[in-house]
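Chemist: With the sequence shown counted from 1, adding 125 to any position gets you the working numbering. For every residue, glycine included, the Cβ atom is placed at its ideal position computed from N, Cα and C. Keep in mind that this is a model prediction, so the values were computed, not measured.
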Amino acid sequence: MKAKEGVLDILNKVLVSELTAVHQYLLHAALCKHWGYHRLHEHFSHLAQEEVSHSSGLVDHILYLGGTPEMDHLDAVAAGKKVLELLEADLSFEREDADALREGIAHCAKVGDFTTRHRLEEMIVDTEEHIDWFETQLRTIKQVGVERYLAEQLAADKS
Numbered sequence: 126m127k128a129k130e131g132v133l134d135i136l137n138k139v140l141v142s143e144l145t146a147v148h149q150y151l152l153h154a155a156l157c158k159h160w161g162y163h164r165l166h167e168h169f170s171h172l173a174q175e176e177v178s179h180s181s182g183l184v185d186h187i188l189y190l191g192g193t194p195e196m197d198h199l200d201a202v203a204a205g206k207k208v209l210e211l212l213e214a215d216l217s218f219e220r221e222d223a224d225a226l227r228e229g230i231a232h233c234a235k236v237g238d239f240t241t242r243h244r245l246e247e248m249i250v251d252t253e254e255h256i257d258w259f260e261t262q263l264r265t266i267k268q269v270g271v272e273r274y275l276a277e278q279l280a281a282d283k284s
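#1: Which residues in the same chain have their Cβ closer than 8 Å to the Cβ of Val147, if we skip the five residues on either side of it in sequence?
#2: How is the alpha helix (DSSP H) around Glu167 delimited, first residue to last?
#3: Which residue wins for smallest C-alpha separation from His255, given the options Arg220, Val236, Gly229?
#4: As an exercise, report each continuous alpha helix (DSSP H) stretch of at least 4 residues that is fully enclosed by the segment 178 to 247, in chain order.
#5: Measure from the alpha carbon of Leu209 to the alpha carbon of each residue in Phe239, Glu143, Cys157, then state which is nearest.
#6: Can you look up Gln268 in the DSSP assignment and give me helix, strand or coil?
#7: Using the rule of at least 16 other Cβ atoms within 10 Å of the residue's Cβ for burial, across every protein chain shown, is Met248 buried or exposed?
#8: Tell me which same chain residues have a C-beta within less than 7 Å of the C-beta of Thr265, skipping the five on either side of it?
#9: Write down the C-beta distance between Gly191 and Lys127 rounded to the nearest angstrom, noting that I regard them as a contact closer than 8 Å.
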């Protein structure tokens, strides 16, 4: 199938963002594990796996549309020396991702590519859930203090 005007550019922009997210969340998972925050390690690992799934789906869709997935570069990966810095960077990253997805959804509707629009709409659901989770963590830190918050992150979830 041939892609409609501008769709491949949008998909490749989103792909770069998703691949960057994979690396960023893997780094944040490793940092949290190193610092002993097992709950955060588990959550960041889960986020990384979600982003791998999104990336894989985007690659498949770009190929389906006759394009070439751009996988040769990433955006800057945010690091940090404290959990609070990681959470703030990830919230900012997810908000930017949501904006890009909304722009892509609007463009796809404009050019009549409803299959791609649907794929992007599914991705934005996860992105908005991520935004909510990061906002909740930061709000909790404000309410109980960073020390109490981090004390709760030491133990692994019992499932």
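Modeler: Let's see:
#1: Ala173, Glu176, Val177, Ser180
#2: Going by DSSP, Glu167 is part of the alpha helix (DSSP H) stretching over 163 to 189.
#3: Arg220
#4: 208 to 236, all fully within the segment 178 to 247.
#5: Cys157
#6: helix
#7: buried
#8: Tyr274
#9: 6 Å
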